[in-house]
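Residue numbers (the working numbering): 485 to 636. Some notes on the structure that comes next.
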C-alpha cells in the first residue's frame with residue numbers, strides 16, 4: 485500500500501503547504517523546516533495548539549537567513565532529512581497498527597532527527613522541542629486517534 489492511500493486529507497494539505505513554504509522561500513528542495521511550517525499552519529487551522537509558540541514570520545526569516553534552502557534550478561525534490569521524516573511518520577503509524585498517517589505522525593517525523601533544520605529552527609526561536617514531541621505522542625496515545633485522523 486502506498487502513502488497516498490494511507491495519508492489523511494490533513495496530511496495531504498500539509499504536503500501542499502510544505503511545497504508552498506519552499507516556493508515562498510525560493511528553495512528548490514523541500515526540507516523538514518518547510519514541513520514544520522506547514523504543520524504549524526495546519527495546527528492553527530485545526531486548533532492543535534502544539535506549535536502555538538512558533539511565530540511563522542520569524543521562522544520564515546530564520547529559514548531565509550540560515551542558508552538551509554537550496555536554490556538549484558529545476559524541480560523541487562525532497563531533501564534527505566524530509567524523506568527520513570516521512571519514513572519515520574510511516575513507521576510510527578505502522579508500529580501503532582494505524583491504517584492512516586496523520587499530521588501528528590508527520591510532526592514526530594519532522595522532529596525525529598535533532599540535527600535537521602526543523603528542530604534547529606525551533607531552538608533558534610527559543611522553543612523547546614521536547615514538549616512538542618511529548619504532546620504529539622500523547623495525542624497519538626489517546627483512544628480513537630486513528631479514527632479521528634482518518635476523518636480529517
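C-beta: ideal position from N, C-alpha, C; glycine also. Nothing here was measured: the structure is a model prediction, and the numbers come from that model.
Check your understanding: Name the DSSP beta bridge partners of residue 491, please?
Key -> Looking up residue 491 in the chain shown gives position 7. Answer by DSSP bridge pairing, in chain order: 585.
Check your understanding: DSSP three-state call for residue 645: helix, strand or coil?
Key -> In the structure as shown, the chain begins at 485 and stops at 636. Residue 645 is therefore absent and cannot be evaluated.
Practice item. With a 10 Å radius around its C-beta and 16 neighbouring C-beta atoms as the bar for buried, classify residue 557 as buried or exposed. Key: As a first step, residue 557 must be located in the chain shown, where it is residue number 73. In this prediction, residue 557 has a pLDDT of 49, which is less than 50 and means its spatial position is unreliable; nothing more can be read from the coordinates.
Exercise for review: State the CB to CB distance for the pair residue 563 and residue 592, rounded to an integer number of angstroms; the pair is presumed to be in contact (CB under 8 Å).
Suggested key: Working through the chain shown from its first residue, we reach residue 563 at position 79. Working through the chain shown from its first residue, we reach residue 592 at position 108. At roughly 18 Å, the Cβ-Cβ gap does not stay under 8 Å, so residue 563 and residue 592 are not in contact.
Exercise for review: Give the straight-line distance between the Cα atoms of residue 586 and residue 494, rounded to the nearest whole angstrom.
Suggested key: What you label residue 586 is simply residue 102 of the chain shown in a count that begins at 1. What you label residue 494 is simply residue 10 of the chain shown in a count that begins at 1. Cα-Cα distance, rounded: 7 Å.
Review point. At which residues does the alpha helix (DSSP H) containing residue 532 begin and terminate?
Key: By one-based count along the chain shown, residue 532 stands at place 48. Unbroken run through residue 532: none, as it is neither H nor E.
Exercise for review: Can you tell me which of the three DSSP states residue 547 falls into?
Suggested key: Position 63 of the chain shown, counting from 1, holds the residue named residue 547. Correct three-state label for residue 547: helix.
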